[in-house]
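In our numbering, the protein residues as written are 92 to 246.
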């Protein structure tokens, strides 16, 4: 068996170093992409919340006009606020799911978010908000929500 000389050892160490550096750079790029995707989701949620707040501040019901195209709906101020709050909760929870699925939210925080999702999903007066938005959620998020116990009576 031939003995490796000093130059061979140096070259081998250099190759291992280069490979390790490339792996590290790849992992950093992957992490940066996840963070960028999460930032985009966060920005979309913030924009949609601002949009729904504008409707609320104008005394308009976002659900009636935008989702139901009912321009003459008479909804009480408190119910309008509740319906807008439900929309905003879904904006937040959808974003939270995105953060979690990208590995940017710890499991214990996600479990707390699931309890919040369960609460909003089971406020029966605003279940139509979820139903009107469900088709816009990712399949995975919708599956999580719809796997929760349904405490609202069937109509």
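Backbone N, C-alpha and C fix where the C-beta goes; we use that ideal spot for every residue, glycine too.
This one's a predicted model, so the numbers in the text were calculated from it and none came from an experiment.
C-alpha distance - residue i paired with residue j, whole-angstrom precision
i           : j           : result
residue 189 : residue 237 : 17 Å
residue 112 : residue 231 : 35 Å
residue 186 : residue 132 : 6 Å
residue 146 : residue 152 : 7 Å
residue 98  : residue 184 : 58 Å
residue 202 : residue 103 : 47 Å
residue 119 : residue 245 : 49 Å
residue 96  : residue 116 : 31 Å
residue 196 : residue 135 : 18 Å
residue 243 : residue 157 : 24 Å
residue 160 : residue 110 : 58 Å
residue 105 : residue 144 : 58 Å
Local Cβ density within 10 Å of residue i, reported as buried at 16 or more and exposed below that
i           : result
residue 174 : buried
residue 162 : exposed
residue 169 : exposed
residue 107 : exposed
residue 229 : exposed
Cβ-Cβ separation, residue j to residue i (assumed contact under 8 Å), whole Å
i           : j           : result
residue 221 : residue 239 : Actually they are not in contact, since the Cβ atoms of residue 221 and residue 239 sit about 11 Å apart, beyond 8 Å.
residue 177 : residue 214 : 7 Å
residue 139 : residue 182 : 5 Å
residue 125 : residue 193 : 5 Å
residue 223 : residue 179 : Going by Cβ atoms, the distance from residue 223 to residue 179 rounds to 14 Å, so no, they are not a contact pair.
Limits of the alpha helix (DSSP H) - the one that residue i falls within
i           : result
residue 197 : Neither: residue 197 is in no alpha helix (DSSP H) and is coded neither H nor E.
residue 217 : It is not in any alpha helix (DSSP H) - residue 217 carries neither H nor E in the DSSP assignment.
residue 113 : 97-148
residue 235 : 230-237
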